[in-house]
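A short worksheet on the structure shown next.
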Amino acid sequence: MTSCPECGFEFVPEEGCRICGFQEQGQGKTPSHQPVSPSSLSLSFRISFSLTILFLAVAVGVYLGTPYRRVLQSPTVVGGEQGGSVSTNVGQATSPSMGMTGNLVKVGKNTLVPAFDITQRKELPPTDSYERYLQWMLKNTKQTEPFLKAKWERSREILQRQDIVEDRVLQAFLMAPREEFCRPYNRKNAYADAAMPIGYGQTISGPHMVSRMTQNLRVEPHHRVLEIGTGSGYQASVLAELSNFVFTIEIVPELTQETDEIYKKLEADYPQYKNIKRKNADGYYGWEEYAPFDRIIVTCGIDHIPPPLLQQLTPGGIMVIPVGPPSGQTVMKVTKNVAPDGSVTLEREDIFHGRRKVIFVPFTAGKGEVHSIEKDLQKKDSEKKEQK
Amino acid sequence: MRIKLSSFRLAALFVLSVTLIAYELSVMRTFAVGSWSNFGAMVISIALLGYGLAGTLLTFLEERIRKNADAWLLVSALLLTPAMAAAHIVAQWVPFNPLLITMDSKQILWIASYYVVYSVPFFIGAVFIGVSFIAFRDKIHQLYFWNMLGSGIGGFFILGLMYVLPPDRLVGPLVILSAVATYLCTLEYRWELRSPILNPWKVSTVGLTSLLSVVVLLVAGEIRVSDFKPISYARQFPDSKQVYHAYGPLGEFDAFSSSFFHFAPGLSDNASSNIARMPQNAFLGLYIDGDGPIGIMRKLKPGEEAYMNYLPMAAPYLLLKQPKVLLLRLGGGIGAFSALHHGAKQVTVVENNPYLLRMLKHDPYFREFTDNLLYDPRVRVVQTEPRAFTGSTKERFDLVEISLIDSIGLSSAGGYPITENFIYTDEGIRSYLSCLEPTGVLAVTVWNRLNPPRNVPKLLSTIVAALKKDGVAQPEKQIFVFDLLLSTATVLVKKTPFEPKEIETLLEFCKKMSFTPCFYPGKSDPKRTFDEILEGYDKQMKGGTASTDLLPEELYQYTVSWLTQGKERELYKRYVFNIDPATDDRPYYTAYVKPASVPLVVKNLKDLSEEWGYILLVATFLVSILFGALIIAVPAIGRWEELFKHRKGTLQVLVYFSCLGIAYMLVEIFLIQRLSFFLEDPIFSTSVVITAMLVLSGIGSLTSGRLTLPRNRLLTIAVAGISLSILFYILLLSPVLDALLGAPLAVKILLSILFIAPSAFFLGMPFPTGLSYVSQKRPNLIPWAWGVNGCLSVTGSVLARLASVSFGYRLVLLGAILLYLLAFWMFQSLTKEEESGTEATKSPIIPKEQEGLVQ
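Following this line, the structure appears as structure tokens:
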């Protein structure tokens, strides 16, 4: 290629210069190279650029002058005083104790009566074939086929990985409608093998994790089960299939409210959710009012086992808790054993890797300490009476 | 046509070079604040991908560009401003969540989308620079120098900005800077020619768009902090209140007060039956770049202090009366409070984080909260890197304590970062031991939750190796290890053998706390043999399912006894993870994956999710090879005939530039990593090394251009100079750095530049020498050689990390020497036939811009 003799840009022999239009002599046209007067064009150009520079200066000023928002914005605080109870759905009777028959539990002097007794249910979903399970669920619940299919398939994987080994835990998993607890944008992946965000920096744990933690708790219908970290509410809904007395505490007020609404919506179809007692508080201190608990499940990580929770665990009680540094925790099963002589042992076990270790807790502070919660409750009761 | 290289154009190039490097570093900060700090290596590769693509594009367009270079320059400068702003804003909406990476395959797509989004501005910037070099090939020295200088200054420029602007605002000035570069370009544009593509109105429209993007950035440029950053969680606490905020190059510091913070790392389970109440409202949560929290402890009331007796850090105080304590790193102050609680006579805290110290020392809120901890007459604070202090002090202490500051504890989501950690190295341990009184104790507490165990055996092997190097005949008599399953492990090292009485005291403590004594002098062997344990873990990894009764304490016990019996080689070889001692040559306390067991780890990644940092490194390496292959292959396939048929030597050119690309990065990344400790923080070593390397390599290349030597001889000098300076790094750098550790930071920066200078100077020579040869003999290969070099420097930067983690710095540096020798040999074979060896060098045509772009 040659360059244009006038302006130096690309010159095509047949067409002339693409830039200035210059054409070679003999092509029939006279040179038409007429540069626009620099002054006129430059003027408009200069004006526009002077404006932009001005604009730029203003932008820089505004940029540096605007207060820094992200960090200084204060977190929205909605209600939620520590310990404020959001919802109470468990019927509470002061009738005399009827013992631990599976549907009544005595706490201090109070006896809890379940709003719906799960042991009275006549039928539970079949677990032997998908066809029968599907028919049963379609008949007895409002769950729909695609989710039921996904759930059934997930349950096969759960059995294969031995996250669940008991039929009744499997039934609990097969009953609970995980899709209802997922956020709309995750609903269709409800049964994927993944934890999913539910806002507020929290997740709904993956189905395998929930299954394994639930299985390790070995919940019986008469057990008082305390959950720390309600989150989506899914874990508590699984627990409600297994126990008449589920207590759950959530730290984030907005999330407590959101989950509360989900439960209220589902209660008509799943009356067992009426047994879930919920509050918005710091779970670190447990729920003294209803302590001690037979089972405690913690679904948020912490760098140590909170002593108040250990105190609120009954002898023979089991706690499942993820312990470790902020970057990651190991889910641990802790079993508290009290021998007839009052000596306490704790058994720590890694629920995924099976490592197990029995730790002897010498009772230097005396026997009474272990059961101090009941004493506390009695004290509270007598204080109340005095006030009256 | 030829356009003039005016000072405006040079200024535009300079400003643009500053902008691009500064933008690269600001993207890294954005990642650190918004999602995940481990993206450092990724950002480099994104930038270099942009450069590689630009190189490939220019291969095909070179002729066209030459004809209309002015328009190309203006268009690319014009597009850069909105591209930078848009990339920043769009990237904030990528819903990537590292927490889910092992569970959700979509996350890989989100990572890929970061590549797409962020490579655009780098691509455009690289086009500008590439076009400049094509257009002004006769003024290459000048261009090259200003480009290098700009890139170098960019590193310092952004560092300076980090002091005055919060991370959200860093991109703003850079966008404005690129608008300035655009303006400079328009000044020289020949409007009177009335180009059909560009007219002033179009240009000013685009210019206004650019400026609009500044405003948009102002409105929407906020970094979207991932919901999964720990800090997001703290904001949700109902009573959480932000009590502190500061920012700087070392990170963004936020402290929150809330009654929901509870810290008691390693707390004995017995606390529950012995303490009536845990202290309430005892902590503030400190977040650095949104990660954490670190618990800042308040002064406990007399009744509350009992719980400190139940922490593992209480152990050494049982052996020492009124000890003089050296605390390495302050953390949240719990170690200092614990020392005072246990009756320490004096506590010396070595902490190098100026923000943490400023906060605790000068912020009234914190002074009150900690009850003036740092003003306590018994507490002395030394602001420096722990090893700089232990390496230079003449003082002797009764107790040196390192508690839970390992990155296993506090790190980014998902996995621990594979970063240099010079605290837990062989040389580090020896340095701490040297600060002890003859009867003194070194106490190290780390997390103990990995299965199969990794960090504790690695710490043990490092400690035993250090004792052995110090000439201790029976190290096993000076070590006491106890742990709490799935919680913490503590190693006590005495300078002299433990007395039977001391062992008794510690065993009594363990019993009272329900801690397990894992190893102590005289402990009898467990029932199981070591072979059974090793096989057990081997089976666990291969079979995927865990054995129920493999307890870490047995492994710890055998680890110490095998190491002291001189069976370390067998142990390192047979254990499933890499647990050989961390050294200054390979300071990776968190690197446990053996290269050969990568497939096994990938198979078990769900169970070993904390190892994905290493796996990601391997994956990035493979991806960079793939990118490289593509960028090399596209021109090769498109112009096969021209490049390979009847043309001998194309392969040599290819290999030559590949070697240079990889080897340059091996040296540069090595210097960044090794000096990160000397210069007290990676951010300083990164900026110092980048700037020094770029400027000094630029000078090296200028010098090589001016010397009238035959190319072969020039290359001989360069390769000899490079090899000698690398040999200096291998043999002498560590002792020299150790000796100078105590110097002030400014002096250390100057010294670092001095150490970098010789290698950087010579490293600047082979590239332009090669290019000037190619431009003479095979001009059509230039852009391709440039692209190949750029791509392989991506690979080189990742390879450097991977290799130093897996094999140590020495091998990395030896590799670099070998690569330069290979390049030398290639050049010899290339020139043997064609050149008589008398021709003087000519100017380099294309800069090795890519090589400068690191971190």
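Line by line, the protein sequences are chains A and B. Be aware that the first sequence starts at 1, since it is given in this note's numbering, and climbs by one per residue. Be aware that the second sequence starts at 389, since it is given in this note's numbering, and climbs by one per residue. Don't be surprised by glycine CBs; every beta carbon is placed ideally from N, CA and C.
At what residues does the alpha helix (DSSP H) containing residue i begin and finish?
i	result
A:E208	The residue asked about is misnamed: residue 208 of chain A is His in this sequence, not Glu. Residues P207 to L217.
B:R1151	Reading off the sequence, residue 1151 of chain B comes out as Leu, not Arg. That run of the alpha helix (DSSP H) goes L1133 to L1151.
B:W950	P940 to T952
A:R178	R178 to F181
A:G199	A:G199 -> not in any alpha helix (DSSP H); beta strand (DSSP E) instead, spanning M196 to G199.
On the premise that residue j lies in contact with residue i, defined as a C-beta separation below 8 Å, what is that separation, rounded to the nearest angstrom?
i	j	result
B:P555	B:E640	6 Å
B:S464	B:V515	5 Å
B:C823	B:I1019	Their Cβ separation, rounded to whole angstroms, is 52 Å, which puts B:C823 and B:I1019 out of contact at 8 Å.
B:V1022	B:R1166	Actually they are not in contact, since the Cβ atoms of B:V1022 and B:R1166 sit about 18 Å apart, beyond 8 Å.
B:D972	B:F777	About 16 Å; that fails the 8 Å criterion.
A:T124	A:Q171	For the sequence presented, residue 124 of chain A should be read as Leu rather than Thr. Confirmed, about 5 Å.
B:P470	B:T597	6 Å
B:M701	B:E815	Between B:E815 and B:M701 the Cβ distance is about 24 Å, and since that is not below 8 Å, they are no contact.
B:L437	B:F1015	6 Å
B:L1090	B:F1155	The Cβ separation is near 12 Å, so there is no contact.
B:S1012	B:S433	6 Å
B:F907	B:Q953	Actually they do not touch by this definition, with Cβ atoms about 13 Å apart.
Short of 8 Å in beta carbon distance, which residues of its chain neighbour residue i, apart from the five on each side in sequence? Order them along the chain.
i	result
A:P38	Here A:P38 scores only 42 on pLDDT, less than 50, and its place in the model should not be relied on; the value that follows carries that caveat. For A:P38, where only same-chain residues beyond five positions count, there are no Cβ hits under 8 Å.
B:L1190	L1005, V1006 and F1009
Residue i versus chain B: which residues are under 8 Å apart at the beta carbon?
i	result
A:I305	L655, D657 and S660
A:I302	H650
A:Q311	S660 and S661
A:T330	R837, N839 and L874
A:V320	Chain B residues near A:V320: none, gap ~12 Å exceeds 8 Å.
Residues of chain B with a CB under 7 Å from the CB of residue i: which are they?
i	result
A:V344	S661
A:G201	D615, F616, S620, Y621 and Q624
A:P292	The contacting residues do not exist; A:P292 stays about 12 Å from chain B at best.
A:V323	L874 and S875
Near residue i, which residues of its chain fall below 6 Å by C-beta distance, leaving aside the five closest residues on each side in sequence?
i	result
B:L338	Chain B is shown only over 389 to 1243; residue 338 of chain B falls outside these bounds and no answer can be derived.
A:F147	E179
B:Y1208	A1051, V1107 and I1110
B:Y980	R842, F965 and N966
Tell me which residue opens and which closes the beta strand (DSSP E) that residue i is part of.
i	result
A:I249	F245 to E250
B:A634	K629 to G636
B:C906	T904 to F907
B:I811	Element bounds for B:I811: n/a, residue is neither H nor E.
A:Q135	Note, A:Q135: premise wrong, no beta strand (DSSP E); alpha helix (DSSP H) at Y130 to N140.
B:E789	F785 to S791
Please list, in chain order, the chain B residues whose beta carbon lies closer than 9 Å to that of residue i.
i	result
A:I249	What A:I249 touches in chain B: nothing, since even the nearest Cβ is about 12 Å away.
A:V252	Y621, Q624, F625 and P626
A:V165	The premise fails here: A:V165 is roughly 14 Å from chain B at the closest Cβ pair, so nothing lies under 9 Å.
A:V298	In chain order: nothing, as chain B lies at least about 12 Å away.
Tell me which residues share the same chain as residue i and place their Cβ nearer than 7 Å to its Cβ, disregarding the 5 neighbours each side in the sequence.
i	result
B:N485	Q495, S614 and F616
B:M1153	G1088, S1089, S1092, L1102 and A1106
What does residue i touch in chain A if you count any residue whose Cβ is under 9 Å from its own?
i	result
B:M666	Y284, Y285, P306, P307 and P308
B:S433	Those do not exist, as B:S433 stays about 25 Å from chain A at its closest Cβ, beyond 9 Å.
B:S566	The contacting residues do not exist; B:S566 stays about 11 Å from chain A at best.
Give the interface partners of residue i over in chain A, defined as CB-CB distance under 8 Å, in chain order.
i	result
B:P681	P326
Find the residues of chain A that neighbour residue i, judging by a C-beta separation of less than 7 Å, and give them in chain order.
i	result
B:S380	Lying outside 389 to 1243, the shown extent of chain B, residue 380 of chain B is not represented and no answer is given.
Output the residue ranges of the beta strand (DSSP E) runs that lie fully inside the region 661-728 of chain B and measure 3 residues or longer, sorted by chain position. 671-676, 679-685 and 712-716
Hey, which unbroken runs of the alpha helix (DSSP H) at 4 residues or more fall wholly within the region 1045-1108 of chain B? 1070-1094
Would you list, in sequence order, the uninterrupted beta strand (DSSP E) runs of no fewer than 3 residues that lie entirely inside the region 231-296 of chain A? 245-250 and 276-280
What runs of the alpha helix (DSSP H), each 4 residues or longer, lie entirely inside the region 530-615 of chain B? 559-576 and 588-608
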